[in-house]
Amino acid sequence: MMSNRLTKINYVFAKENGYIISFSKVRGIFKPDKFEPSYILIEDDNTIEVIFYFEQYEDDLKELSLVRKIYDLFDQIPVELDNSEENKVKPLIESKCEKIVGELVE
Numbered sequence: 000m001m002s003n004r005l006t007k008i009n010y011v012f013a014k015e016n017g018y019i020i021s022f023s024k025v026r027g028i029f030k031p032d033k034f035e036p037s038y039i040l041i042e043d044d045n046t047i048e049v050i051f052y053f054e055q056y057e058d059d060l061k062e063l064s065l066v067r068k069i070y071d072l073f074d075q076i077p078v079e080l081d082n083s084e085e086n087k088v089k090p091l092i093e094s095k096c097e098k099i100v101g102e103l104v105e
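For the sequence shown, the residue numbers in numbering that gives the first Met the number 0 are 0 to 105.
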């Protein structure tokens, strides 16, 4: 991944049961045809971290739309999670991330 400039922006959501969900946007200007948007999901104890990699958009509205989609993703996660719901959080996040990244590739 070659870039002349990278920007990383972090967002953290803390749920009432102590579960922490964060996401980072890493964006940059990459060589043409050498980069596809992607994400990494890291799970550790009560923390899930999602890192999105995408090209910097010339159109600020497109980037704002991406941020809204990511916020919507985290808004859908229950504030209080019981033990049975915690097992559903990672698959929910993965499916939403796949959808977001899929839309970025199109």
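The beta carbon of each residue, even a glycine, is placed where N, CA and C say it ideally should be.
Inset, instruction - Quick one: residues in its chain with C-beta nearer than 6 Å to the C-beta of Ile-41, no 5 flanking neighbours on either side, listed in chain order? - result: For the purposes of this step, residue 41 is taken as residue 42 along the sequence shown, with counting starting at 1. Glu-48.
Legend entry - Glu-35 - DSSP class collapsed to helix/strand/coil: Here residue 35 refers to the residue found at position 36 of the sequence shown. Three-state result, Glu-35: coil.
Inset, instruction - State the DSSP-derived secondary structure class of Asp-44, mapped to helix, strand or coil. - result: Taking the sequence shown and counting its residues from 1, the one referred to as residue 44 is at position 45. Three-state DSSP puts Asp-44 in coil, outside helix and strand.
Inset, instruction - Would you mind sorting Ile-69 into buried or exposed? The rule is 16 or more other CB atoms within 10 Å of its CB. - result: Taking the first residue of the sequence shown as 1, we reach residue 69 at position 70. Burial of Ile-69 is indicated by the presence of at least 16 other C-beta atoms within 10 angstroms of its C-beta.
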